[in-house]
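Participant: Take the sequence shown: its letters are residues -23 to -1, 1 to 264, numbered as in mature numbering (1 follows the signal peptide of the UniProt record, and there is no 0). Note that beta-carbon positions come from the ideal geometry of N, C-alpha and C, so glycine has one too. This structure is a prediction, so every number in the text was calculated from the model and none was measured.
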Amino acid sequence: MRRVKRIMPLLALTVLAAGCGSAQGPSPLPSPSPAGPPPGVSVSLAQWRSDEPVHALQVAVRNTSETPVYFADVQLVTESFKTLPPRRADAVIGKTERTDLPIPYGAANCSTGDLPELRPATVVAHVATGSQQPHRVVFDVPHPDPLLTRLLRDECSEFLIKQAVSIEFGPDWKESGKVMRGSLVVTRRGPGEVALNDMGGTTHYIATPRNRPMGVLKAGEQRLEAPVELTPGRCDPHAFAEAKKAFQFPVRAAVDGGPERVVIVTPSKPQQEGLIIYAMAACGLGS
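1) With 16 other CB atoms within 10 Å as the buried threshold, where does residue 149 fall?
2) With residue 127 as the anchor, note down where its alpha helix (DSSP H) starts and where it stops.
3) Name the two residues that bound the continuous alpha helix (DSSP H) containing residue 252.
4) What is the rounded straight-line gap between the Cα of residue 50 and the Cα of residue 226?
5) By alpha-carbon positions, which one of 37, 171, 17, 248 ends up nearest to residue 99?
6) Near residue 71, which residues of its chain fall below 7 Å by C-beta distance, leaving aside the five closest residues on each side in sequence?
7) With burial defined as no fewer than 16 other Cβ atoms inside 10 Å of the residue's Cβ, what is the status of residue 262: buried or exposed?
8) Could you check whether the Cβ of residue 62 sits closer than 7 Å to any heavy atom belonging to the ligand MN?
9) Assess contact between the stretch 135 to 143 and the stretch 242 to 259, defined as three or more Cβ pairs (one per stretch) separated by less than 8 Å. Is contact present?
10) Tell me the DSSP bridge mates of residue 44?
11) Using alpha carbons as the reference points, say which of 58, 104, 75, 83 lies closest to residue 66.
12) Under a three-way DSSP split, which group does residue 149 fall into?
13) For residue 2, count neighbouring C-beta atoms within 10 Å of its own C-beta (all shown protein chains included) and say buried if the count is 16 or more, exposed if not.
14) Can you tell me whether DSSP reads residue 28 as helix, strand or coil?
15) Who does residue 84 pair with in a DSSP beta bridge?
16) Restricting to Cα atoms, I'd like to know which of 200, 211, 167, 170 is closest to residue 183.
17) Buried or exposed: residue 127, going by 16 or more other Cβ atoms within 10 Å of its Cβ?
18) What does the alpha-carbon distance come out to for the pair residue 248 and residue 132?
19) Excluding the 5 residues flanking residue 114 on each side, which residues of the same chain have their C-beta closer than 8 Å to its C-beta?
20) Could you please give the first and the last residue of the uninterrupted beta strand (DSSP E) stretch that includes residue 108?
21) Judging by CA-CA distance, which residue of 154, 231, 144, 152 is the nearest neighbour of residue 164?
22) Which residues in the same chain as residue 124 place their Cβ atom closer than 8 Å to its Cβ, once the five residues preceding and following it in sequence are excluded?
23) Since residue 42 contacts residue 18 with CB under 8 Å, what's their CB separation in whole angstroms?
24) What are the boundary residues of the beta strand (DSSP E) that residue 192 is part of?
25) Taking the straight line between their C-alpha atoms, what separation do you get for residue 129 and residue 56?
26) Can you tell me which of the three DSSP states residue 119 falls into?
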């Protein structure tokens, strides 16, 4: 498996010479209609752990042919997520089991009431083989794609809860021995009784609610505080250096007795810095 950042080898330079020669890379010529994928070239979608916090995924390209294929750009197109502009790739992909091209993806198109069904998706790219100009190619993503299904479910579940309340780290967190104590604060935004059921930990922190379920914001109430304790989950220095999801805490909640949904709650930057200092001291890694 390979990751590609941005490269400009011989094939890309050949395409540039045939095009306008811009320093910004080739300018794909619009096609009256999309062409089919080059023989032996297919795509699928994947996501690395480091992609999740930045709302990105990978277009995993496979080329089983002997002919290198130049990808000028890539773009995810589906009615389930907002369409973002194409992401420049500048990648020449030879025969390979998998080469990843990173792209951001847009916010999920959610609606009030219930979770939407995933709509079909395509990957649109401007590609070229040999000395031809890049042309628009549409790759069908097998439907329903499991990654997009999960991303849509998670994002729209969070959307439904956030219509009723906001859930945030409270302002006051204090050390007590090797434990950091504080609370989640639930503040009303819309109608409905909201049950705060549980809070999970992250790659670096164990979250222990004082109560399970954590509490209920009843109709007519405006604010709820749910006490929580945090302790370090990992103490190796490498873990602190490579943390990708250390502060994305999953909180389970439900509105009016409906299905339990997951909301990702993230402490503020100053709180994150305080938690790192606390955890390193608790782990005996402080200076």
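Facilitator: Inspection of the coordinates gives the following:
1) Residue mapping note: residue 149 aligns to position 172 of the sequence shown, counting from 1. With fewer than 16 Cβ atoms within 10 Å of its Cβ, residue 149 is classed as exposed.
2) Here residue 127 corresponds to residue number 150 of the sequence shown, with the count starting at 1. Start and end: 123 to 141.
3) The residue you call residue 252 lines up with position 275 of the sequence shown. Unbroken alpha helix (DSSP H) run through residue 252: 246 to 259.
4) Stepping through the sequence shown from its first residue, residue 50 is reached at position 73. Stepping through the sequence shown from its first residue, residue 226 is reached at position 249. Near 34 Å, if we compare the C-alpha coordinates of residue 226 and residue 50.
5) One-based indexing of the sequence shown puts residue 99 at position 122. The option with the nearest alpha carbon to residue 99 is 37.
6) Here the question's residue 71 lines up with position 94 in the sequence shown. Closer than 7 Å at the Cβ level, and outside the excluded window around residue 71, lie 40, 45.
7) Residue numbering aside, residue 262 sits at position 285 when the sequence shown is read from its first letter. With fewer than 16 other Cβ atoms within 10 Å, it is exposed.
8) No copy of the ligand MN occurs in the structure displayed, which carries no ligand at all.
9) no
10) Start at 1 with the first residue of the sequence shown, and residue 44 comes out as number 67. Residue 44 is not bridged to any residue.
11) Here residue 66 refers to the residue found at position 89 when the sequence shown is read from its first residue. Ranking the options by Cα distance to residue 66, first place goes to 104.
12) For the purposes of this step, residue 149 is taken as the residue at position 172 of the sequence shown. Reduced to three states, the DSSP call for residue 149 is coil.
13) Counted from its first residue, the sequence shown places residue 2 at position 25. Bear in mind that a pLDDT of 44 at residue 2, under 50, signals an unreliable position, so the number given afterwards is only what the model happens to contain. Residue 2 should be labelled buried.
14) Here residue 28 is taken as the residue at index 51 of the sequence shown, counted from 1. DSSP places residue 28 in helix when its eight states are reduced to three.
15) Here the question's residue 84 lines up with position 107 in the sequence shown. Per DSSP, none; premise fails for residue 84.
16) Numbered from 1 along the sequence shown, position 206 holds the residue referred to as residue 183. Closest option to residue 183, Cα to Cα, is 211.
17) The residue you call residue 127 lines up with position 150 of the sequence shown. Burial call: exposed.
18) One-based indexing of the sequence shown puts residue 248 at position 271. One-based indexing of the sequence shown puts residue 132 at position 155. Those two C-alpha atoms are separated by around 24 Å.
19) Residue 114 sits at position 137 when you count from the first residue of the sequence shown. The residues are 11, 12, 13, 14, 15, 101, 102, 103, 104.
20) The sequence position of residue 108 within the sequence shown is 131, counting from 1. Run containing residue 108: none; DSSP gives neither H nor E here.
21) Locating residue 164 in the sequence shown gives position 187, where the first residue counts as 1. The shortest Cα separation from residue 164 among 154, 231, 144, 152 belongs to 144.
22) Against the sequence shown, residue 124 aligns to sequence position 147. Same-chain partners within the cutoff: 22, 23, 24, 34.
23) Against the sequence shown, residue 42 aligns to sequence position 65. Against the sequence shown, residue 18 aligns to sequence position 41. The pair is a contact, with the Cβ atoms about 7 Å apart (cut-off 8 Å).
24) Locating residue 192 in the sequence shown gives position 215, counting from the first residue. From DSSP, the beta strand (DSSP E) with residue 192 extends over 192 to 194.
25) Residue numbering aside, residue 129 sits at position 152 when the sequence shown is read from its first letter. Residue numbering aside, residue 56 sits at position 79 when the sequence shown is read from its first letter. Distance between the alpha carbons of residue 129 and residue 56 is about 11 Å.
26) Residue 119 sits at position 142 when you count from the first residue of the sequence shown. Note: residue 119 maps to coil in three-state DSSP.
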